[in-house]
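Engineer: Numbering-wise, the sequence shown is residues 14 to 82 according to our numbering.
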Amino acid sequence: MNNSMTIKEYIDIPLLKSAVNELNMDIKNNPGLKYEIVGYSICKDETFSSTVSGILVRWEGTSFEKMRK
């Protein structure tokens with residue numbers, strides 16, 4: 014395993030995708046990678062009358078780029 018580090022940001026897109034669900038899917042699909050949540054924010058979206066989350070995660074292990082090929 015390559016000991017590379019990847020920073021990935023997960024962002025809610027109202028009515029389309031959830032940052033938390035996307036992160037949970039990456040955790041489930043990449044059990045060999047270590048991860049650490051290094052940042053988190055919540056903002057109110059006036060357009061959709063909802064909250065929008067952003068999660069910043071540091072992953073260690075084989076990079077996502079190599080896994081997608």
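Glycine included, each C-beta is placed from N, C-alpha and C at the ideal position.
On a predicted model such as this, the values are computed, not experimentally measured, just so you know.
When burial is assigned at 16 or more other CB atoms within 10 Å of the CB, is aspartate 58 buried or exposed?
Structural biologist: With fewer than 16 Cβ atoms within 10 Å of its Cβ, aspartate 58 is classed as exposed.
Engineer: Ends of the alpha helix (DSSP H) at leucine 36?
Structural biologist: Element bounds for leucine 36: 32–42.
Engineer: For valine 33, count neighbouring C-beta atoms within 10 Å of its own C-beta (all shown protein chains included) and say buried if the count is 16 or more, exposed if not.
Structural biologist: That one is exposed.
Engineer: What's the call for isoleucine 40, buried or exposed, on a 16-neighbour Cβ count within 10 Å?
Structural biologist: With fewer than 16 Cβ atoms within 10 Å of its Cβ, isoleucine 40 is classed as exposed.
Engineer: Classify threonine 60 as helix, strand or coil using the three-state DSSP reduction.
Structural biologist: DSSP places threonine 60 in coil when its eight states are reduced to three.
Engineer: Using the Cα positions of aspartate 25 and leucine 46, report the straight-line distance between them to the nearest angstrom.
Structural biologist: When rounded, the distance between both Cα atoms is 23 Å.
Engineer: In terms of residue numbering, what span does the beta strand (DSSP E) encompassing isoleucine 24 cover?
Structural biologist: Element bounds for isoleucine 24: 17–24.
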